[in-house]
Amino acid sequence: MSETRNRQPEAELGLLNATMIGMGAMIGAGVFVLTGLAAEITGPAVILVFCLNGIVTGFTGLAYAELSSAIPKSGGGYAFVEEVFSDVVAFQMGWMLWFGYMIAGALYALGFAANLVEWVHVYWSGFPAGAVLGGLTTWSVLYAFGIVALLILLNVLSTAASGAAETVGTLIKVGILVVFSTFGALAIDTGEYTPVFPEGAVAVIPAMGLTFIAFQGYDLISTVTEEVENPRENIPKAIFFALAGTIVVYLAVVTVSVGTLGAERLGAEGETAIASAAGEFMPELPVFGPGSTLIWFGAVFSTFTALNAVVIASSRVAFAMGRDRLFPSRIGRIHHRFGTPAVAVVASAGVMLSSVVFLPIQMVGNLSSFFFLLAFVAVNAAVIRLRRERPNLNRPYEMPFYPLPPVLGIVFNLGIGGFLLVRDPVTGLLALGWLVLGLGTYLLLRRTGYGGGTPPVPEGSVETHTDD
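Here my numbering is used: the sequence shown runs in plain steps of one and ends on residue 521.
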């Protein structure tokens, strides 16, 4: 696979593409799976849970927006931390994000396979499922492999094509949720919204911890900064549009689900709550049949776009680390013909495929969420440090009410991370183990000459646009 050593990414994505990457990642399987589980904990106050999580997420969103405008470099949170902290801290940041995105991708790939089987079985009960190859694996794993392989090919061949696929897929699934919410609004029973706190107001806190993962994904927008037109302006806009659009969609879906099915039944239905709600009020639809089948179809697209988004993001983090020579430098090169970080795409998705087979995905899924929370803490800390050390840095967007948003972002993300550790102490041990492994990898790369050194400066980066 031929690469060009000093070629930089080309800006092939517009504001809509960047926004859809964020919404595509955020509106994954979370709203379909977590609504019923959260309703079981807190009752009708699940609506408040999603609203509060949107507000809490917004604090860190402001940090990403400011840093994206000031540091227009691909790599997302890693690039921001690399700008203001030491190499070892930056490496650990990238190490966490790379792991988190790849594990999320493995979860989405398996989720895509499961949703595909459920949807196709509505029309064809003979669609292959279960064990295959003498019990060595399952059809779901093979379907997961197939969709990841397809996305590897797409992302290697063209950034524009993968961005277009993300845009189309995200618009389809948002459209499905709008249809669901529109029909549901006509069938709402307002009596289902009371009592608001059947389990007490304090139940909102664990429900927020459970559902916060559904608000992770806007950060992926900043991983493709150099591939977006006019990034200093468009990346902050895309972050805000993605957050606002996702919160509106979530609140509409959750409000309709509670108002039609009732919080108690939503909780009893658990992971299939949204599909069950659709079956209550949606009419027979042309092609799709029962309304619940439309939700399964939407779940297929949700996991597809979320998977594509993390393939994009994980490869860009690896690419940025390779370019900065914190990973082997070959990973940080652009393909001479396709203009994509092809080696980074293949390496990241290859680890993702291995994770589908060899890792206990549900266990490390919690670790992935914990690492994202730590990354959000680091990004908020980077805002504060950069403001102090480089007050005259060109910042086309500056967050309001500084320093309150990053301070609150740090507090809330640490609080939710603490909740995860209390609920699953094994996650803390796994996190420590992965970070120790990361430190060892960093030292090994430095010692062997594959990591460290002075990286090339990307055209248009913060080094060439420093002060007002």
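Quick reminder that beta carbons are idealized off the backbone N, C-alpha and C, glycines included.
query: So, is N445 buried or exposed, given that buried needs 16 or more other C-beta atoms within 10 angstroms?
result: So N445 ends up on the exposed side.
- request: Count the other CB atoms, across all protein chains shown, that sit within 10 Å of the CB of A176; report buried if there are 16 or more and exposed otherwise.
  value: It is worth fixing the name first, because residue 176 is Tyr in this sequence and not Ala. Residue burial annotation: Y176 is exposed, with fewer than 16 other C-beta atoms found within 10 angstroms of its C-beta.
- request: Find the nearest neighbour of N433 within the set I80, G129 and A91, judged by alpha-carbon distance.
  value: The residue with the shortest Cα to Cα distance from N433 is G129.
task: Would you tell me roughly how many angstroms separate the C-alpha atoms of V460 and I292, rounded to the nearest one?
output: C-alpha separation (whole angstroms): 19 Å.
CA-to-CA distance, V227 to A240, given in whole angstroms: Computed Cα separation, rounded: 20 Å.
- request: Would you mind sorting F152 into buried or exposed? The rule is 16 or more other CB atoms within 10 Å of its CB.
  value: By the 16-neighbour rule on beta-carbons within 10 angstroms, F152 is buried.
query: Ends of the alpha helix (DSSP H) at P289?
result: P284 to L314 is the span of the alpha helix (DSSP H), which, as asked, contains P289.
message: Just to confirm before moving on: does the CB-CB distance between L273 and I74 stay below 8 Å?
response: With contacts defined as CB atoms closer than 8 Å, L273 and I74 qualify as a contacting pair.
- prompt: How should H389 be labelled, buried or exposed, when 16 other C-beta atoms within 10 angstroms of its C-beta is the threshold for buried?
  reply: So H389 ends up on the exposed side.
task: State the DSSP-derived secondary structure class of I80, mapped to helix, strand or coil.
output: Of the three classes helix, strand and coil, the one that applies to I80 here is coil, per DSSP.
task: Starting from the C-beta of G315, find all residues in its chain whose C-beta is less than 7 Å away, skip the five residues before and the five after it, and write them out in chain order.
output: If the five residues before and after G315 are omitted, its C-beta is found closer than 7 Å to the C-beta atoms of E245, all from its own chain and listed in chain order.
query: What residue from V396, G332, F391 and L69 has the CA that sits closest to F380's CA?
result: Nearest C-alpha to F380: V396.
task: Output the distance between the C-alpha atoms of L296 and T313, rounded to the nearest integer angstrom.
output: So the two alpha carbons sit approximately 26 Å from each other.
task: Let me know the secondary structure DSSP gives T191 once reduced to three states.
output: T191 sits in a strand when the DSSP states are folded into three classes.
- request: Could you say which of A352, L439 and A182 lies nearest to F138 if we only look at CA atoms?
  value: Comparing Cα-Cα distances from F138 to each of A352, L439 and A182, the minimum goes to L439.
- prompt: Beta carbon of N466, beta carbon of T113: below 8 Å?
  reply: Between N466 and T113, the C-beta spacing is below 8 Å.
message: Suppose the cutoff is 6 Å on Cβ atoms and the five residues either side in sequence are ignored; what does the same chain contact list for L66 look like?
response: Excluding residues within five positions, the ones whose Cβ falls inside 6 Å are G216, E280 and V281.
field: In DSSP terms, what G237 is bridged to
entry: Per DSSP, none; premise fails for G237.
query: Could you give the residue range of the alpha helix (DSSP H) that holds T501?
result: Counting along the chain, the unbroken alpha helix (DSSP H) around T501 starts and ends at P478 to T501.
message: For G111 and A184, what's the separation of their Cα atoms in angstroms?
response: Looking at the two C-alpha atoms, the distance is approximately 43 Å.
task: Could you pull the start and end residues of the alpha helix (DSSP H) that V410 belongs to?
output: Where V410 is concerned, the enclosing alpha helix (DSSP H) starts and stops at A395 to F411.
query: The alpha helix (DSSP H) with W172 in it runs from where to where?
result: Per DSSP, W172 belongs to the alpha helix (DSSP H) from D140 to Y176.
message: Tell me the rounded alpha-carbon separation between L338 and G253.
response: Each residue's Cα considered, the two are about 40 Å apart.
- prompt: Given a threshold of 16 other Cβ atoms within 10 Å of its Cβ, counted over all protein chains shown, does A331 qualify as buried or as exposed?
  reply: A331 is buried by the Cβ-count criterion.
query: Is the beta carbon of P181 sitting closer than 8 Å to the one on F472?
result: Result no, Cβ atoms of P181 and F472 do not sit closer than 8 Å.
message: I'd like the ranges of any alpha helix (DSSP H) spanning at least 4 consecutive residues and lying wholly in the segment 404–470.
response: Runs found: 414–442.
- request: Assuming I205 and V409 form a contact by the criterion Cβ under 8 Å, report the distance between their Cβ atoms to the nearest whole angstrom.
  value: Actually they do not touch by this definition, with Cβ atoms about 13 Å apart.
task: With DSSP collapsed to three states, give me the class of V249.
output: Of the three classes helix, strand and coil, the one that applies to V249 here is coil, per DSSP.
Local conformation of G89 per DSSP, three classes: In this structure, G89 counts as helix in the three-state DSSP scheme.
- prompt: How about W172 and T278: do their beta carbons lie closer than 8 Å?
  reply: Cβ atoms of W172 and T278: not closer than 8 Å.
- prompt: Hey, G37 and F423: beta-carbon distance below 8 Å or not?
  reply: Residue numbering for the chain in the displayed model covers 54 to 521; residue 37 lies beyond these limits and cannot be assessed.
- prompt: Looking at the structure shown, is G262 part of a helix, part of a strand, or coil, going by DSSP?
  reply: Helix at G262.
Where the alpha helix (DSSP H) through E333 begins and ends: Its alpha helix (DSSP H) spans residues A326 to F334.
- request: Please go through the same chain and pick out, in chain order, the residues whose beta-carbon is closer than 7 Å to the beta-carbon of P456, but skip the five residues on each side of it.
  value: Within the same chain, P456 has close Cβ partners I437.
- request: Give me the Cα-Cα distance between F425 and A157, rounded to the nearest whole angstrom.
  value: Whole-angstrom Cα-Cα distance: 11 Å.
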